[in-house]
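In order, the protein sequences belong to chains A and B. FYI, the numbering for the first sequence is 241 to 388, going by my numbering. FYI, the numbering for the second sequence is 11 to 180, going by my numbering. Glycine included, C-beta positions come from ideal geometry on N, C-alpha and C.
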Amino acid sequence: MFKSKIKEVILCFKAGRVTAPFPLGPEPNPPQDGYRGKIAVDVEKCIGCGGCANVCPPRSIKITDTDHTRILEYFLSRCTYCGRCAEVCPEGAVTMTREYQLATNDLNDLYIRSEIYMGTCGRCGRCFKPKTILDRMMVTGFQPGDLS
Amino acid sequence: MFKKLLDKAFLKSLWVYHANTGACNGCDIEVINVLTPYYDAERFGIKLVGSPRHADVLLVSGPVTRQVAPALRRLYEAVPSPKLVFAIGSCPSGGGLWFDSYATLGGLNKVIPVDFYIPGCPPRPEAILYGVAVALGLASKKVAPIISSQVHPEKILQKIEQGEMTHVQK
Ligand code: SF4
Ligand code: SF4
Ligand code: SF4
Numbered sequence: 241m242f243k244s245k246i247k248e249v250i251l252c253f254k255a256g257r258v259t260a261p262f263p264l265g266p267e268p269n270p271p272q273d274g275y276r277g278k279i280a281v282d283v284e285k286c287i288g289c290g291g292c293a294n295v296c297p298p299r300s301i302k303i304t305d306t307d308h309t310r311i312l313e314y315f316l317s318r319c320t321y322c323g324r325c326a327e328v329c330p331e332g333a334v335t336m337t338r339e340y341q342l343a344t345n346d347l348n349d350l351y352i353r354s355e356i357y358m359g360t361c362g363r364c365g366r367c368f369k370p371k372t373i374l375d376r377m378m379v380t381g382f383q384p385g386d387l388s
Numbered sequence: 011m012f013k014k015l016l017d018k019a020f021l022k023s024l025w026v027y028h029a030n031t032g033a034c035n036g037c038d039i040e041v042i043n044v045l046t047p048y049y050d051a052e053r054f055g056i057k058l059v060g061s062p063r064h065a066d067v068l069l070v071s072g073p074v075t076r077q078v079a080p081a082l083r084r085l086y087e088a089v090p091s092p093k094l095v096f097a098i099g100s101c102p103s104g105g106g107l108w109f110d111s112y113a114t115l116g117g118l119n120k121v122i123p124v125d126f127y128i129p130g131c132p133p134r135p136e137a138i139l140y141g142v143a144v145a146l147g148l149a150s151k152k153v154a155p156i157i158s159s160q161v162h163p164e165k166i167l168q169k170i171e172q173g174e175m176t177h178v179q180k
């Protein structure tokens, strides 16, 4: 029995120091490609189709229409980092970043709001998604740089 | 002065009690991960204890089910003051997938006051350690609300006047 204890000690010392210096030093395993961290929303690319809100399992994306503007609110406190919003977004406006250090003392820090300029129906005045990309350009205008 | 003294006392060692309030075990495994030799939270004096009466910190995972809520309130009262409450994962932070379910109360802050939220499903062990570092004042938080807006009608008109935009239909 005593012999096995000595063996154990030798084995433990052989491993050397395994403890990572994190959080005072560098992180031991930085996230790899394809890691799903906090989502990032590019407001200029979004067309306000609502696809992301439709597929979000915890329904953390809320859509409100006012006048010419569609407001997309992302309440990331209950986001499960599933990546479905990034998957369905036709414009690639939502992307998963590698940011995971999200600790906070205030839930309002985990809030993203983007205001999208939409076309409005001439009769009822509701926001609608223009039928094609071309239609959208007719509504929001396009910069010459977009086409190059 | 009292706060300074408190900070100092807290820095010495945090004894944590881990409560599962209906979590899927993902977050629990990550909490245990933090205590392994690899991340070794014990070098900061963080120690898992078996009774809430010995604890300074309550680590809570799970969306707080209806069944567990009264027990959680009792648990919170059993922890001696000053106490810190950490919400580990998306479930206790905002309710997670079950935020509006009949079986859960949808988030820890609806039951007991929460000091720090560590979102993630589950959060990486690094994220939990980082959260502890933020709570102890060793690091500063990195997240902030993002509010952004597309071009608005007035802005479009402005752009046309400046010749930046070529076509608009109202
Ligand atoms: S990652 Fe998943 S849970 Fe988070 S906002 Fe996107 S769809 Fe919703
Ligand atoms: S972010 Fe993408 S999926 Fe969501 S409304 Fe905008 S374009 Fe549609
Ligand atoms: S946050 Fe995700 S991993 Fe953690 S308990 Fe909830 S569902 Fe499970």
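Proximity test, residue i beta-carbon vs ligand 2 heavy atom, cut-off 8 Å
{"i": "residue 156 of chain B", "result": "no"}
{"i": "residue 278 of chain A", "result": "no"}
{"i": "residue 281 of chain A", "result": "yes"}
Any non-hydrogen atom of ligand 5 closer than 8 Å to residue i Cβ
{"i": "residue 56 of chain B", "result": "Ligands present in the displayed structure are limited to ligand 1, ligand 2 and ligand 3, and ligand 5 is not among them."}
With 16 other Cβ atoms within 10 Å as the buried cut-off, status of residue i
{"i": "residue 358 of chain A", "result": "buried"}
{"i": "residue 160 of chain B", "result": "buried"}
{"i": "residue 250 of chain A", "result": "exposed"}
{"i": "residue 318 of chain A", "result": "buried"}
{"i": "residue 132 of chain B", "result": "buried"}
{"i": "residue 387 of chain A", "result": "With a pLDDT of only 43 at residue 387 of chain A, under 50, the local geometry of the prediction cannot be trusted, and no value is derived from it."}
{"i": "residue 347 of chain A", "result": "buried"}
{"i": "residue 296 of chain A", "result": "buried"}
{"i": "residue 255 of chain A", "result": "exposed"}
Three-state secondary structure assigned by DSSP to residue i
{"i": "residue 345 of chain A", "result": "coil"}
{"i": "residue 252 of chain A", "result": "helix"}
{"i": "residue 78 of chain B", "result": "coil"}
{"i": "residue 295 of chain A", "result": "helix"}
{"i": "residue 329 of chain A", "result": "coil"}
{"i": "residue 334 of chain A", "result": "strand"}
{"i": "residue 316 of chain A", "result": "helix"}
{"i": "residue 383 of chain A", "result": "Here the model assigns residue 383 of chain A a pLDDT of 48, short of 50, so the residue's position is not dependable, and the following value carries that caveat. Coil, per DSSP."}
{"i": "residue 52 of chain B", "result": "helix"}
{"i": "residue 281 of chain A", "result": "strand"}
{"i": "residue 28 of chain B", "result": "strand"}
{"i": "residue 115 of chain B", "result": "coil"}
{"i": "residue 69 of chain B", "result": "strand"}
{"i": "residue 99 of chain B", "result": "coil"}
Test item: CB-CB of residue i and residue j under 9 Å
{"i": "residue 70 of chain B", "j": "residue 142 of chain B", "result": "no"}
{"i": "residue 73 of chain B", "j": "residue 101 of chain B", "result": "yes"}
{"i": "residue 94 of chain B", "j": "residue 121 of chain B", "result": "no"}
{"i": "residue 312 of chain A", "j": "residue 279 of chain A", "result": "no"}
{"i": "residue 331 of chain A", "j": "residue 285 of chain A", "result": "yes"}
{"i": "residue 130 of chain B", "j": "residue 340 of chain A", "result": "yes"}
{"i": "residue 91 of chain B", "j": "residue 55 of chain B", "result": "no"}
{"i": "residue 260 of chain A", "j": "residue 140 of chain B", "result": "no"}
{"i": "residue 136 of chain B", "j": "residue 267 of chain A", "result": "yes"}
Residue i CB to nearest heavy atom of ligand 1 below 8 Å
{"i": "residue 316 of chain A", "result": "yes"}
{"i": "residue 324 of chain A", "result": "yes"}
{"i": "residue 127 of chain B", "result": "no"}
{"i": "residue 34 of chain B", "result": "no"}
{"i": "residue 292 of chain A", "result": "yes"}
Ligand 3 heavy atom lying under 8 Å from the CB of residue i
{"i": "residue 300 of chain A", "result": "no"}
{"i": "residue 98 of chain B", "result": "yes"}
{"i": "residue 296 of chain A", "result": "no"}
{"i": "residue 350 of chain A", "result": "no"}
Sequence-distant residues of the same chain with beta carbon closer than 6 Å to residue i, five excluded per side
{"i": "residue 321 of chain A", "result": "276"}
{"i": "residue 243 of chain A", "result": "none"}
{"i": "residue 389 of chain A", "result": "Residue 389 of chain A lies beyond the range of chain A shown here (241 to 388); nothing can be said about it."}
{"i": "residue 108 of chain B", "result": "73, 114"}
{"i": "residue 37 of chain B", "result": "71, 98, 99, 132"}
Own chain, CB closer than 7 Å to residue i, minus 5 neighbours either side, in chain order
{"i": "residue 127 of chain B", "result": "97, 103"}
{"i": "residue 65 of chain B", "result": "25, 26, 27, 59, 89"}
{"i": "residue 32 of chain B", "result": "72, 73, 74, 75, 78, 114"}
Close beta carbons around residue i, own chain, < 8 Å, minus the five adjacent residues each side
{"i": "residue 353 of chain A", "result": "311, 312, 313, 314"}
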